Amino acid sequence: MVIPTKKLKKKRIQLIVSLVAVFSFCWILFSYISSLSNDEGHQFSYSDAIQIEVPQKHPIHGIDVSHHNGIVPWNHLTELEIFDTVSLKFVFIKATEGRSLQDPNFHVNWRKAKQKGLTAGAYHFYIPTRDPIEQAKNFCKMVQLQEGDLPPVCDIEVTNSVSHKKIRKDIKAFLNYLTDYYHTKPILYTNTRMYSDLFNNEEFTDFPLWLASYETNTIVDADNLRFWQYSKHGKLEGNSKSWDYNVFLGDHSEFASLLIK
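Next comes the structure, spelled out in C-alpha cells:
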C-alpha cells in the first residue's frame, strides 16, 4: 500500500521531533551528571591510608573525636598522609552534652592535639529538650579557647520531637550566648536533612556551617558552608574504630581567617 505524501511528511516530522526530544534529554542528563562529578572541590580519590574516598582538591582535612573513639592514636594521626599533598591539620573534640554532661576524655584530647601541633576546636552536643542557656553555660565552663583555636561548635543532629520553631529559637539563643562569651561566631554542625528543614534561612547565615553529608559527592550550595564531614567510616592506624573525616572548603588563608584572633 502506498502511503500518501502528506502522511509520510507528518511521520517524518514526528520522528524528527522525537529524536530531538530524546537528544535534548540525553544532553541535559549528561550535563547534570558532569556537573556532579566536576563540582568544585568534590572530586574523590581513594586513600589507602584511611580506606575511604576523599575529596582531594582542598588540602586542609581533619577529624572529630569524642570518648566514643576510645584512646586516640595521636602519633599515627599526626604522621598520617591521606595523599602526598593532603594531611590532617585540625581536630574537633567533644567537650560537653546537654546541661551537665562532660566528655571524660576532653582535656586529655585537647592537650594532646595542641602538643601535636593540630589546630583544635571544641564542640557541644546539643539536646533540644534541654534549656539552651544552661547548655551554653555547661560548654563555657568546660572550654577555654585562645588565639589560634577554631571557633566553638554547636552540634545538633536530632529534634527529639521538639517543634522546628522552638529549636530554631533555642539554637539561636545558644549561639548568641557563645558569641558573647568567646567574642567570635560559633560554628553550626548539622546534617543535610536538618539543615534543609531548620537552618537554611537568613537567621543562621552569619554562623559558619559544618555539614555532614555522606551519600553523594555533592553538597548544598550555602554561602556560609565552611566544613564538610564527608565520611564516618574512615580508618586510622592504631585504633580499629571508624572515624569521622572532614575537609575545610577553602584555602590556607581562609582557614586562618576563621580562627580565633
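Yeah, the sequence shown ends on 261 if you go by the UniProt record's numbering, and it's all consecutive.
Positions of the beta carbon are idealized from the N, C-alpha and C atoms, including for glycine.
Note that the coordinates shown come from a computational prediction; the quantities given were computed from them, not determined experimentally.
Return the bridge partner residues of residue i from the DSSP annotation.
i	result
cysteine 154	His124, Leu188
leucine 211	Thr190, Trp228
phenylalanine 199	Paired residue(s): none; phenylalanine 199 is not in a bridge.
isoleucine 63	Val91, Tyr245
glutamate 53	Tyr46
glutamate 97	Leu101, Phe125
glycine 234	Trp243
valine 86	Phe83
threonine 119	Phe90
Between which two residues does the alpha helix (DSSP H) containing residue i stretch?
i	result
leucine 258	252-258
proline 132	132-142
For residue i, which of helix, strand or coil comes out of DSSP?
i	result
valine 72	coil
valine 108	helix
phenylalanine 174	helix
tyrosine 32	With a pLDDT of 41 at tyrosine 32, under the threshold of 50, the modelled position of that residue is not reliable, and the figure given next carries that caveat. In this structure, tyrosine 32 counts as helix in the three-state DSSP scheme.
threonine 205	coil
histidine 164	helix
leucine 145	coil
The beta strand (DSSP E) with residue i in it runs from where to where?
i	result
glutamate 81	81-83
Item to check | Touching by the beta-carbon criterion (3+ pairs, under 8 Å), the region 218-237 and the region 64-78 | outcome: yes
Checklist entry - Does the region 114-127 come within contact of the region 83-98, defined as at least 3 CB pairs closer than 8 Å? => result yes
Next on the checklist: Using a Cβ distance threshold of 8 Å, determine whether the region 98-106 contacts the region 189-209, with at least three qualifying pairs required.
Outcome noted: no
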